[in-house]
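Presented below is the structure to which this report refers.
Number of protein chains: 2
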Amino acid sequence: MPSLLIIAHGSRRAASNDEVRALADAVRAQPGQTYDHVEAAFLELAEPGIPDGLAALAEKGVTEIVAFPYFLAAGTHVAQDIPDAIAEFGARYPQVGVRLTPHLGASIALPTAILDISGLDAAG
Amino acid sequence: MPSLLIIAHGSRRAASNDEVRALADAVRAQPGQTYDHVEAAFLELAEPGIPDGLAALAEKGVTEIVAFPYFLAAGTHVAQDIPDAIAEFGARYPQVGVRLTPHLGASIALPTAILDISGLDAAG
């Protein structure tokens, strides 16, 4: 099975980076989830960076990675910086496949998720 | 039924604000969704602001609003600025109930949503 790398922007505020790491932990712990590994990486300002985060998975023997940009808005980071970082990794680990999904804000599943989220949390 | 206000940060980049408005349109158009109205508002840099977005719903006769902070990280905006803006509205429209949900990044439904999103989009 593939592994999942959640790619966040990264923040000078350590608590924000920890929120992303906790999110990766929560995704990994979901009952029935099928990714071999679920990790977080950061475009900037926090560790690991994207190439290192991908490489850490490769060093665990992972050969297929789904890279999920945890970004709300399209922009240079999503359109260029993240693909560039993945390409940097690809040059070092050509045997590992990386499938880049749309960013969170453009996901076709987000509208349904927002209905679930707003309903669940409002009721909870 | 309540109405849903999706509260985003707002951006100097018009396309980012339009992404949020398109997201509200997509949520509104979801089959089976039960909110009477689904709209977007912005903390800053774009219109409508939060009090005006809430007031526009109130002027349509809405008496119950779910306010969903479309933010990834906790911070001053989520902890203080958004509640302050809702309180500003509440002072003008005390008959309208506003229920503030956790922000997107803290939603208990987000880990499942990310699994759905990464699987759907990777397969799509």
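For the record, the sequence lines run as chains E and R. For the first sequence, position 56 (counting from the first letter as 1) is numbered 72 according to my numbering, and the numbering increases by one without interruption. For the second sequence, position 48 (counting from the first letter as 1) is numbered 64 according to my numbering, and the numbering increases by one without interruption. All C-beta atoms, glycine included, are put in the ideal place defined by N, C-alpha and C. All of these numbers come straight from a predicted model, not from anything done at the bench.
Short CB-CB distance (under 8 Å) between residue i and chain E
i                : result
Val112 (chain R) : no
Leu39 (chain R)  : yes
Tyr86 (chain R)  : yes
Val82 (chain R)  : yes
Gly140 (chain R) : Any reading at Gly140 (chain R) is ruled out, since the residue's pLDDT is 40, under 50, leaving its predicted position unreliable.
Chain E residues whose Cβ lies nearer than 7 Å to that of residue i
i                : result
Gly69 (chain R)  : Near Gly69 (chain R) there are no residues of chain E at all, since even the closest Cβ is about 15 Å away, more than 7 Å.
Ile66 (chain R)  : Within 7 Å Cβ-Cβ: nothing; Ile66 (chain R) doesn't reach chain E, min ~16 Å.
Ser19 (chain R)  : By Cβ distance, chain E contributes nothing, its closest Cβ being about 11 Å from Ser19 (chain R), past 7 Å.
Leu136 (chain R) : Ile124 and Ala125
Short CB-CB distance (under 8 Å) between residue i and chain R
i                : result
Leu120 (chain E) : yes
Ala90 (chain E)  : yes
Pro79 (chain E)  : The sequence shown places Thr at residue 79 (chain E), rather than the Pro named in the question. Thr79 (chain E) does not count as touching chain R.
Asp132 (chain E) : yes
Ala101 (chain E) : no
Ala56 (chain E)  : no
Leu73 (chain E)  : no
Glu104 (chain E) : no
Ala107 (chain E) : no
Nearest-angstrom Cβ-Cβ length linking residue i and residue j, presumed shorter than 8 Å
i                : j                : result
Val82 (chain R)  : Thr117 (chain R) : 6 Å
Val54 (chain R)  : Thr79 (chain R)  : Actually they are not in contact, since the Cβ atoms of Val54 (chain R) and Thr79 (chain R) sit about 16 Å apart, beyond 8 Å.
Tyr86 (chain E)  : Ile22 (chain E)  : 5 Å
Ala122 (chain R) : Ala90 (chain R)  : 6 Å
Leu59 (chain E)  : Ile66 (chain E)  : 6 Å
Chain-ordered chain E contacts of residue i [CB-CB under 8 Å]
i                : result
Pro127 (chain R) : Leu39, Ala42, Val43, Ala45 and Gln46
Ala62 (chain R)  : Result: empty, since nearest Cβ-Cβ is about 12 Å, beyond 8 Å.
Listed by chain order, chain B residues near residue i by CB distance under 7 Å
i               : result
Arg28 (chain E) : Looking for chain B here will not work: the only protein chains present are E and R.
Residue i versus residue j: straight-line alpha-carbon distance, rounded
i                : j                : result
Ile124 (chain E) : Glu75 (chain R)  : 31 Å
Arg29 (chain E)  : Ala42 (chain E)  : 20 Å
Leu126 (chain R) : Asp34 (chain R)  : 23 Å
Ala101 (chain E) : Ala57 (chain E)  : 11 Å
Ala71 (chain E)  : Gly135 (chain R) : 22 Å
Arg44 (chain E)  : Ser32 (chain R)  : 30 Å
Leu20 (chain R)  : Arg108 (chain E) : 46 Å
Pro47 (chain E)  : Ala40 (chain E)  : 14 Å
Leu61 (chain R)  : Gly26 (chain R)  : 5 Å
Asp97 (chain E)  : Pro110 (chain R) : 46 Å
Pro18 (chain R)  : Tyr51 (chain R)  : 6 Å
Pro99 (chain R)  : Asp132 (chain R) : 30 Å
Glu63 (chain R)  : Arg37 (chain R)  : 10 Å
Residue i: CB within 7 Å of a non-hydrogen atom of the ligand COA
i               : result
Thr79 (chain R) : Ligands are entirely absent from the displayed structure, and the ligand COA is therefore not among its contents.
Proximal residues of chain E, C-beta to C-beta of residue i below 9 Å
i                : result
Glu144 (chain R) : The structure shown has nothing for residue 144 (chain R), since chain R only spans 17 to 140.
Contact list for residue i against chain R, beta-carbon separation under 7 Å
i               : result
Ala95 (chain E) : Residues of chain R passing the Cβ test: none, with the nearest at roughly 11 Å.
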